[in-house]
Structures are given as C-alpha cells and as structure tokens.
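K.L.:
Structure below; questions to follow.
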Amino acid sequence: MARSTPSSLSAPTPSPADAWLSSDPLGETLHAFRLEGVVYARSHLTAPWGVVMPPMPDCVMFHIVTSGECRLEFTDAEPTVLRPGEFALMPRGEGHLIMHDEGARTVNYFDLPIERVTPRYEVLTYGGGGDETTLICGAVRIDHPAARDLVELLPSLIHIKTWNTPNAEWMHSTLRLMAAEAGSRQPGGETIVTRLADILVIQAIRTWLVENPASRRGWLGALSDERIGPTLARIHREPAHDWTVASLAASVSMSRSAFSARFTELVGESAMQYVTRWRMHTAGTWLRETDVTAAECGVRLGYNSEAAFSRAFKRVMGKPPGAWQTSVAHPSS
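Be aware that the sequence shown starts at -19, since it is given in my numbering, and climbs by one per residue.
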C-alpha cells in the first residue's frame, strides 16, 4: 500500500473549538486566510494621472479610496468608479488600470517615483496638480490551500460600495482610521494601516460570500452543506489522518454510497481525490515555508516511502517535490 498511518495520527478527541469549526466550515476557511503582506502603499494623486498595475499572481490586490475618486478598468469588464469609503478587491491579482478619468495617460506603477518607507510600505505622490485622490493600496499573498481554493472561485473584481451589514459603522470607522494613519507619519502608523487592511480584505470577501448567490454553488456550496461541509473541515484540519470513504461517511452518519455520490456531486471530485490533493497542497506549503525534506513530508502525511509520496506529489502539483521547491524559491527560473 502507498500509505501507512502512524499511531500518533489517530483521530483526536473533538474539542469545543473543533465542534464550533465543524458547524461553520466556511468560517474556518476564512480563518485559514494567512495574509502575508507583499506591499502596501499610500498614494496621493493629483489629476491628470493614470497607473498601470501589473499582474501579481498568487496575490490578492486591493484599493481603498480615502478621498476623491478614480476609475478602475479591466480588459474584460465594465469600468468601475471608486469613491470615498469604497473598496476594490482583485482576488487573483489580475493586472488593471487605475486613473483619474477615462482616457488618461497611464504609467507602470513600478516606473513611478515611489518612496519606500520600509521594505513593505511605500508612499506614492504623483500627478499633474489638479483634483486630489488618495488611496490605500496593497497586495497580500495567501498560502493556505483552503484560501487558494476559495480565491479561485471568486470573481475577478469585488467592489464593495457600502458595508450594508450590522458591522457597517465599525467598517467605516476602520476606513477613517486608515485614512488618518495613512496621512500622518506617526510611529507605528505602517503597522496599523497594514493590519487594518488585512481585516478589510477578509471582510470584503465575507461580504461577497453572504450577498452573492454564486457563493452557494460548487465547492463553496459544499462548505455550507450540513454533511459535506463538516467532512471538508475534518480533512482540512487533519490531512495526515488515515481517511477512507467509509470513515468519512461514518463521521456524518451516511452510507458509503450515498456519501460518495453527494461528495462528488457537490465538490466535483471524489472524496479520496480531494484528500490526496489537499495533502499535496499542504506538503507544498511545508516545502516552501520550512526546511522540511520530501522524505519528511511523506512521513508526516503517512506515506511508507519517499517514492510513493513523490509520485503523488508530482501527479497533483505537476512537478516532483525537489523541482517544485526550487521553482517556488526562485520563481524567475
């Protein structure tokens, strides 16, 4: 057999926290968002101005307007006008244009006179001296496989015009605080802006999930299903456990055949295919973020040989573990 399961990987006794997460698998997925700031920027722009934002794969990009207004353009979508308090989120980091008005001359962001305050915090002052617009922009990287799966199902652009939720007041207060901090040079201002930006990214995604009917379909719909949602949560939390179709079905009080049919219908792949894919993406994160070897990944995930693990990894990730680890360490290679 390809896998063996050490006794230390037996299913743990559920805790109250486990019970809560199992009752809210979508909430657990949002909890899994590990945002690693690539760059944050405060932009003070005066008309006329226009900026080309190049694609940033594997990143979530966003713009928050704190004063004035601007126009955001994608090649395959209708232009969007952003006004104070509005939030534009590009979940897959697709390239776009942002400008003071239609037809403005645009310049690549990386060719502009940027003041680098810290390695991850920049200030941009640019434009022709006319009407003013101020923005807080950023790009954050997500690493957790659940978060990556979620991002792939989101639209190219999430535009939050108003925060029509019970949390609207504190969201507007957060935006006001960000605007005040971004406009000053007080100690700790960068930390406050970046932490608040991360909160707003997650809140924008949550707002879209709550308000958009498309979030009820496919994998997102499966997360909300009373049987399959808890199953996904268990797989996510314990990728190394010796899961079988029978054990997964029993955990939600279903027959094996009914569970298999329901899982495949909602998720789009069989339960064991999903388990394997989840394990390999988890291993990919380990290989990127730590000094763990392929052999150690295999042991952690219950494989009885490095060769068996490597075959599974290549089948899912497209490269052997060593080649994949090198490519993510040196993406230009």
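Every residue gets a Cβ at the ideal spot worked out from N, C-alpha and C, and that includes glycine.
Any chance the stretch 35 to 52 sits against the stretch 87 to 106, with 3 or more Cβ pairs inside 8 angstroms?
P.N.:
No, because fewer than three Cβ pairs between the stretch 35 to 52 and the stretch 87 to 106 fall closer than 8 angstroms, the two stretches do not touch.
K.L.:
Do you know whose CA, among Ser23, Ala213 and Leu176, lies nearest Val31's CA?
P.N.:
Within the sequence shown, the letter at position 51 stands for residue 31. Answer by Cα proximity: Ser23.
K.L.:
Have a look at Thr86 and Met79 and give me their C-alpha separation to the nearest angstrom.
P.N.:
Translated into the one-based positions of the sequence shown, residue 86 becomes position 106. Translated into the one-based positions of the sequence shown, residue 79 becomes position 99. Straight-line Cα distance between these residues: approximately 7 angstroms.
K.L.:
How many angstroms separate the CA atom of Ile138 from the CA atom of Ser285?
P.N.:
Indexing the sequence shown from 1 puts residue 138 at position 158. Indexing the sequence shown from 1 puts residue 285 at position 305. Cα-Cα distance, rounded: 44 angstroms.
K.L.:
I'd like to know whether the C-beta atoms of Ala274 and Ser250 end up nearer to each other than 7 angstroms.
P.N.:
Residue 274 sits at position 294 when you count from the first residue of the sequence shown. Residue 250 sits at position 270 when you count from the first residue of the sequence shown. The answer is no: Cβ separation not under 7 angstroms.
K.L.:
Can you grab the Cα-Cα spacing for the pair Ser2 / Leu203, in whole Å?
P.N.:
The residue you call residue 2 lines up with position 22 of the sequence shown. The residue you call residue 203 lines up with position 223 of the sequence shown. Low confidence applies to Ser2: its pLDDT is 47, below 50, so where it sits in the model is not reliable enough to give any reading.
K.L.:
Roughly how many whole angstroms lie between the Cα atoms of Pro(-14) and Gly118?
P.N.:
Along the sequence shown, read from residue 1 onward, the residue named residue -14 stands at position 6. Along the sequence shown, read from residue 1 onward, the residue named residue 118 stands at position 138. Because Pro(-14) carries a pLDDT of 34, less than 50, the predicted location of this residue cannot be relied on, and the following value inherits that uncertainty. Approximately 43 angstroms, taken between the alpha carbons.
K.L.:
Just the C-alpha distance for Ala21 and Trp199, rounded to the nearest angstrom, thanks.
P.N.:
Residue 21 sits at position 41 when you count from the first residue of the sequence shown. Residue 199 sits at position 219 when you count from the first residue of the sequence shown. Whole-angstrom Cα-Cα distance: 33 angstroms.
K.L.:
Candidates Trp304, Ala230, Ile116 and Thr256: which alpha carbon is nearest Tyr283's?
P.N.:
Taking the sequence shown and counting its residues from 1, one reaches residue 283 at position 303. Taking only the C-alpha atoms, the option nearest Tyr283 is Thr256.
K.L.:
Flag this pair as yes or no: are the beta carbons of Pro37 and Gly83 separated by less than 7 angstroms?
P.N.:
As a working mapping, residue 37 is identified with position 57 in the sequence shown. As a working mapping, residue 83 is identified with position 103 in the sequence shown. Cβ atoms of Pro37 and Gly83: not closer than 7 angstroms.
K.L.:
How far does the beta strand (DSSP E) with Val61 in it reach, from first residue to last?
P.N.:
For the purposes of this step, residue 61 is taken as residue 81 along the sequence shown, with counting starting at 1. First-last of the beta strand (DSSP E) with Val61: Thr60 to Leu62.
K.L.:
Could you give the distance in angstroms between the alpha-carbon of His76 and the alpha-carbon of Asn88?
P.N.:
Here residue 76 is taken as the residue at index 96 of the sequence shown, counted from 1. Here residue 88 is taken as the residue at index 108 of the sequence shown, counted from 1. Roughly 10 angstroms between the two C-alpha positions.
K.L.:
Answer with buried or exposed for Val190, where buried requires no fewer than 16 other C-beta atoms within 10 angstroms of its C-beta.
P.N.:
Stepping through the sequence shown from its first residue, residue 190 is reached at position 210. By the neighbour-count rule (16 or more Cβ atoms within 10 Å), Val190 is not buried but exposed.
K.L.:
According to the Cβ coordinates, are Ala220 and Arg175 closer than 7 angstroms?
P.N.:
Your numbering for residue 220 matches position 240 in the sequence shown. Your numbering for residue 175 matches position 195 in the sequence shown. Cβ distance not < 7 angstroms, so Ala220 and Arg175 don't count as in contact.
K.L.:
Got a sec? Which residues, its chain only, sit under 6 angstroms from Trp304 by beta carbon, not counting five neighbours each side?
P.N.:
Counting from 1 along the sequence shown, the entry for residue 304 is found at position 324. Closer than 6 angstroms at the Cβ level, and outside the excluded window around Trp304, lie Met297.
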